[in-house]
């Protein structure tokens, strides 16, 4: 898809943020060489023991919903091997049985996806990695248990420490004011404290490495608080979950996020993959999309110190920490307030990587946005949509049209897609959304 381009310096040597660099699409790919990659959540369908904190996407959003996110692994692929042995130059992406095969065909055709394999279960996934003769490790979106640490790029201890919520103040000095208590000891006085210490509402957060907004409860009144607390306690008893509970005052500020790519082989540079404004639903917790900004010094400067402080804390505790380190934060008048870190690909990872790909193809920054696309046609595949969309789904169209669409994932059972709109600016994104909507008219 492109020749190798090294990361680009954002700040001069000697600057306090000189370690932060702007990666290129090919430098991110190079970091992912020599391993397996997967974005398969181990949910309740794959592991019933996780039903209390990781219900299956199919149960939440309908049949085939769990097939959408796994395609993000294609964005972590090192691409076609160009005749070299994958053990030397590439990686292998895993996808679950049932994923839309036309997605994979498309990704191979445009040069996004290289070598890949299909797996039927988490057990099969783990067994495949364990018996790999080259002893390659797996970089997965989800924790696969301490017994798999020898085969994983991210240890279970690191995953749980960062992806849970009770250790935030150990992870960053830029954490918000909050209380962490046994949920049996939480009472009205905690609501009163949080209400007076914050901007209004009170957030209750459980600590079980939940995903997609699970485990976050919001109370506007003391009655809400008591009701939410009882719901949380009942769920804890039913599923034997963690009793730790975070009480956090509401933070006023611009809802943002960042992603950086950690590579312990080169701690002198930290690649800033994404700087985004978060778009969340009215409930205040459900992620909808992101607006990704150009990775420029003036955008990095306000959050740069917090990024490096967190990175160094993580490497001090886990010297081999690897992968996409992300966190949501609020940009406030007093500086950034970090509130939800994790070490995993996120809903915005592929969308951000699409911007880096566009820059590689055109030499210019392009805005990217995630576009939900319910077609209303059960059984419609991405391949069928792409045949109708024509050059709209060709990355090369970026040079001629200034905009294009690429897949984030697709549910062929419901005919529901998550698409990445790519354009030179916000106005171009609006045109791209209109083109997407018109394809099936």
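Residue numbers (our numbering): 860 to 1300.
Don't be surprised by glycine CBs; every beta carbon is placed ideally from N, CA and C.
Keep in mind it's a predicted model, so treat the numbers as computed, not measured.
query                                                                                                                                                                                        : result
Can we count residue 1091 as close to the ligand FMN, meaning its CB is less than 7 Å from some heavy atom?                                                                                  : Although the ligand FMN was asked about, the structure shown includes no ligands whatsoever.
Using a Cβ-Cβ distance under 8 Å, would residue 1239 count as near chain C?                                                                                                                  : Annotation note: the requested chain C is absent from the structure, which comprises a single protein chain.
Within 10 angstroms of its Cβ, does residue 888 collect 16 or more other Cβ (buried), or is it exposed?                                                                                      : buried
Just to confirm the assignment: which complete beta strand (DSSP E) runs, minimum length 3, are found wholly within the region 1209-1292?                                                    : 1226-1233, 1262-1270, 1275-1282
For residue 984 and residue 974, I'd like the C-alpha separation in whole angstroms.                                                                                                         : 15 Å
Assuming residue 1030 and residue 1169 form a contact by the criterion Cβ under 8 Å, report the distance between their Cβ atoms to the nearest whole angstrom.                               : 6 Å
Spatial neighbours of residue 926 within its chain, please: CB distance less than 8 Å, with the 5 preceding and 5 following residues excluded, ordered by chain position.                    : 955, 957, 958, 959, 1268, 1269, 1270, 1271, 1272
Rounded to whole angstroms, what's the CA-CA distance from residue 1130 to residue 1048? Just pull it up for me.                                                                             : 43 Å
Only counting the same chain, and skipping five residues up and downstream in sequence, which positions put a Cβ closer than 6 Å to that of residue 1028?                                    : 1034
Does the Cβ of residue 963 have 16 or more other Cβ atoms within 10 Å, making it buried, or fewer, making it exposed?                                                                        : buried
Please work out which residues of its chain come closer than 6 Å, Cβ to Cβ, to residue 969, disregarding the five sequence neighbours upstream and downstream, and give them in chain order. : 1254
Quick one: grab the DSSP three-state call for residue 945.                                                                                                                                   : At residue 945, the pLDDT of 48 sits below 50, so the modelled position is not reliable and the matter cannot be decided from this model.
Leaving out five residues on either side along the sequence, give the residues of the same chain with a beta carbon under 6 Å from the beta carbon of residue 867.                           : 881
Less than 8 Å between C-beta atoms, sequence neighbours within five positions excluded: which residues of the same chain meet that for residue 946?                                          : Per-residue confidence for residue 946 stands at a pLDDT of 48, beneath the threshold of 50, marking its modelled position as unreliable; no derived number is given.
Hey, how far is the Cα of residue 1219 from the Cα of residue 877?                                                                                                                           : 23 Å
Determine whether the beta carbon atoms of residue 1277 and residue 1212 lie at a separation below 8 Å.                                                                                      : no
Out of 1154, 1197, 1288, 1279, which one is the CA nearest neighbour of residue 883?                                                                                                         : 1154
What did DSSP end up calling residue 1011 once you bin it into helix, strand or coil?                                                                                                        : strand
So what does DSSP say about residue 1036, is it helix, strand or coil?                                                                                                                       : coil
I'd like to know if the region 1235-1250 and the region 1193-1204 are in contact, where contact means that at least 3 CB-CB pairs between them fall below 8 Å.                               : no
What are the residues that DSSP puts in a beta bridge with residue 1118?                                                                                                                     : 1133, 1185
In terms of residue numbering, what span does the beta strand (DSSP E) encompassing residue 1064 cover?                                                                                      : 1061-1065
So for residue 1098, helix, strand or coil by DSSP?                                                                                                                                          : helix
At the level of alpha carbons, what is the spacing between residue 1008 and residue 1171?                                                                                                    : 22 Å
What did DSSP end up calling residue 1017 once you bin it into helix, strand or coil?                                                                                                        : helix
In chain order, which continuous runs of the beta strand (DSSP E) of length 3 or greater are located wholly inside the region 863-906?                                                       : 879-881, 895-897
How close, in whole Å, do the beta carbons of residue 1162 and residue 1150 come, if the pair is a contact with beta carbons under 8 Å?                                                      : No, residue 1162 and residue 1150 are not in contact; Cβ-Cβ is about 15 Å, not under 8 Å.
Helix, strand or coil: how does DSSP classify residue 1127 here?                                                                                                                             : coil
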